[in-house]
Every structure is written in structure tokens, then in C-alpha cells.
Amino acid sequence: MKAMISEQMVQKLVEPSNKKEIPSITEIQDWLIVHMAEMLDISPDEVDVTMLFAEYGLDSAMTVGMIGELEIWLGYSLDPTLVYDYSSIELLSQHIGSVLAANN
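In the UniProt record's numbering, the protein residues as written are 1 to 104.
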């Protein structure tokens, strides 16, 4: 399942937010899509949210970096090992969105 997002959404997602409101699962997923596309030098439309991070060829340094940048954007601390337990954009965004919503 490939995701479609607009250029306007891309710009919004690549800039960290200082807000503390909780992003939706869709917003988290869209941020991850844009970030993956930038890391892999592909179009966001080419990112398959169900594909495993390992299938994209991401190594541990890349995934830790991605989680670090996601922490900055969200304004919340995340365990870098989340990408091993929730190993696709779809699974990771659902988990993070659900946990944030339940804790706020």
C-alpha cells in the first residue's frame, strides 16, 4: 500500500514542531514516509508503509537516527529499539500514536 501526500504536507512534515499537541497516527505515518523518502532519495509516493525497515536496507545507525529525529518532531522520548518491535512505518506509527494518545 503506497501513500500519497502533497508537496504542502511534505514541507509541513519535514519541519520540527514545537507544539505539544499529540499528532495523529496518520500524521506520524506521513512524517515517517517523508523521512524515509529523504533517507533513501526516493519519492514519498514510492514508500510502502507495510514494507519492513530491513527490506529498505536501513541499518541500525539509520534507524536510530530516524527515531532521534522523530523524537525531536514529536517532542517525546522514544526507545530506539522500537523499530525492531514495530518494523514497518505502518506498525511503528500505529504504536507510537496509540501510546501517546493513551498517555495524554
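We put the CB at the ideal spot given by N, CA and C, even for glycine.
Residue closest to residue i, alpha-carbon to alpha-carbon, out of the options
i     : options                         : result
THR63 : GLU71, LEU52 and VAL83          : VAL83
ILE25 : ASN104, HIS95 and ASN103        : HIS95
GLU90 : MET39, ASP48 and SER43          : ASP48
GLU21 : SER60, GLY75 and LEU40          : GLY75
GLN38 : ASN103, ASN104, SER60 and GLU69 : The amino acid at residue 38 is misidentified as Gln; the sequence shows Glu. With distances taken between Cα atoms, GLU38 lies closest to GLU69.
ASP59 : THR81, ILE42, GLU71 and SER43   : THR81
ASP85 : VAL34, HIS35 and PHE53          : PHE53
Residue i versus residue j: straight-line alpha-carbon distance, rounded
i      : j     : result
ASP45  : ASP30 : 11 Å
MET51  : TRP73 : 23 Å
LEU100 : LEU78 : 11 Å
GLY57  : SER93 : 19 Å
GLU71  : GLY65 : 10 Å
ALA61  : ILE67 : 10 Å
DSSP beta-bridge partners of residue i
i           : result
residue 142 : This structure leaves residue 142 out entirely; the chain is present only between 1 and 104.
Short CB-CB distance (under 8 Å) between residue i and chain C
i     : result
ASP41 : The structure shown contains no chain C; it holds only a single protein chain.
N-terminal and C-terminal residue of the alpha helix (DSSP H) that residue i is part of
i     : result
ILE28 : 25-40
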